[in-house]
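Comments concern the structure below.
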Amino acid sequence: MKKVIIAGASGFIGRALTQKLLKEDVEIFAVVRSRGEILEWQESTQLHIIEAELSEYSQLAEKYQFNDIDVFFHLAWEGTYGEYFKNYQMQMNNAVYSGDALNAAIQFKTKKFIMASTINVMEVIDYFGKSGIKPRYTCIYGASKLAAEMICKTLAYQKGIEMNIALIANSYGPGDRSKTIPNILISNLLKGKSPDLVEGDFLYDWVYIDDIVAGLCAIAEKGENQKSYYVGNQKLRTFKEIAGQVRDILAPSVELRFGVYPDAMALDYRKVDIGALYRDTGYAVVSDFEKNILETANWVKTLDIKI
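Position 67 of the sequence shown, counted from 1, bears residue number 67 in this note's numbering, the numbering being contiguous throughout.
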């Protein structure tokens, strides 16, 4: 990669991807809401800042003239956790904006378009054709991501641009300011609080930020056209096992209250080809879990996470 666009460069994953590619002397056009969100890189000669709201993505090609972009990374999405999942208008608007991003990529003569999605789309797909379902609010988010995927894959196929989806599970690591499960669990343990948890006997995955970025780069370099790739571990563990190891690393004496809440969802990972990215690109998670947790804990200490 020599020249890329990163939409959502100020977000958790976008910032980490930007940092990695700048170190590799890749020229980056960073699409952010405000220049002030990435002040630390404004002096870089390799970084060009484009200020745009998601609702303005349809106008990008009118305002900017780019050519020969290698990859357009579409990471921007409004409302990726918590109460935002209930806002179906916000979530579905994101799907429209994703189509706008794809059209901009075409106008910029981009070779490949990569959209960050979520493993939650598999939960939505699993509900198709079933009656008596009990979907969580997360399904609004997952359904919107799935809609965005089909919009973009269709446009990409019809207009002749390569396209990939990155299915991302539970991301964690320094730089994440959100109230996601990893941050909340780690925050509880650092404060010596016993968290109330689900039963936790279902398969789960935590993926460190550096591994996510490496996965995105692998897809960019070697991903096969129109394929969706799971970015994560090839050997999965249960939520109970993951939470237990995090507890053992950070606060061995703290009790984990499993079973306070029922398991609301158990994703059937048999329907997810978790080995496709390795087979096609050689990508694998290689980072050390304990080291990752300790580094993330040091980061979480700097946050004011209300529990």
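Backbone N, C-alpha and C fix where the C-beta goes; we use that ideal spot for every residue, glycine too.
Here the structure is a predicted model, which is why all the values come from computation and not from measurement.
Rounded straight-line distance, which links the Cα of residue j to that of residue i
i      : j      : result
Ser171 : Gly129 : 30 Å
Lys306 : Val121 : 28 Å
Lys291 : Gln245 : 12 Å
Glu51  : Glu255 : 46 Å
Leu197 : Met1   : 43 Å
Ile125 : Tyr269 : 12 Å
Ile209 : Tyr57  : 26 Å
Val213 : Trp299 : 18 Å
Asn94  : Ala148 : 8 Å
Ala9   : Tyr137 : 27 Å
Thr154 : Leu250 : 46 Å
Pro135 : Val286 : 34 Å
Met150 : Glu40  : 36 Å
Asp304 : Gly192 : 16 Å
Tyr127 : Lys23  : 43 Å
Leu294 : Leu146 : 34 Å
Ala297 : Ala7   : 28 Å
Near the ligand ADP: residue i beta-carbon under 7 Å from a heavy atom
i      : result
Pro182 : Absence of the ligand ADP from the depicted structure is noted, as is the absence of any ligand whatsoever, leaving it without description.
Sheet register partners of residue i (DSSP bridge)
i      : result
Asp196 : Arg257
Asn170 : Trp206
Ser144 : DSSP lists no partner for Ser144.
Tyr229 : Ala166
Lys86  : DSSP lists no partner for Lys86.
Glu51  : Val32
Under the three-state DSSP convention, the category residue i falls into
i      : result
Met122 : helix
Arg136 : coil
Leu267 : coil
Leu236 : coil
Ala156 : helix
Ile161 : coil
Phe12  : helix
Glu27  : strand
Ala220 : helix
Assigned exposure category for residue i - 16 Cβ within 10 Å defines buried
i      : result
Ser34  : exposed
Arg279 : exposed
Gly36  : exposed
Thr302 : exposed
Glu123 : buried
Ala104 : buried
Gly14  : buried
Pro195 : buried
Asn67  : exposed
Val260 : exposed
Contact belief for residue i with residue j at Cβ below 8 Å, rounded distance in angstroms
i      : j      : result
Gly232 : Val207 : 5 Å
Ala32  : Ile49  : Reading the sequence as shown, one finds Val at residue 32 and not Ala. The Cβ separation is near 7 Å, so the contact holds.
Met90  : Tyr84  : 7 Å
Minimum Cβ-Cβ distance from residue i to chain C less than 8 Å
i     : result
Gln46 : This model lacks chain C altogether; it includes just one protein chain.
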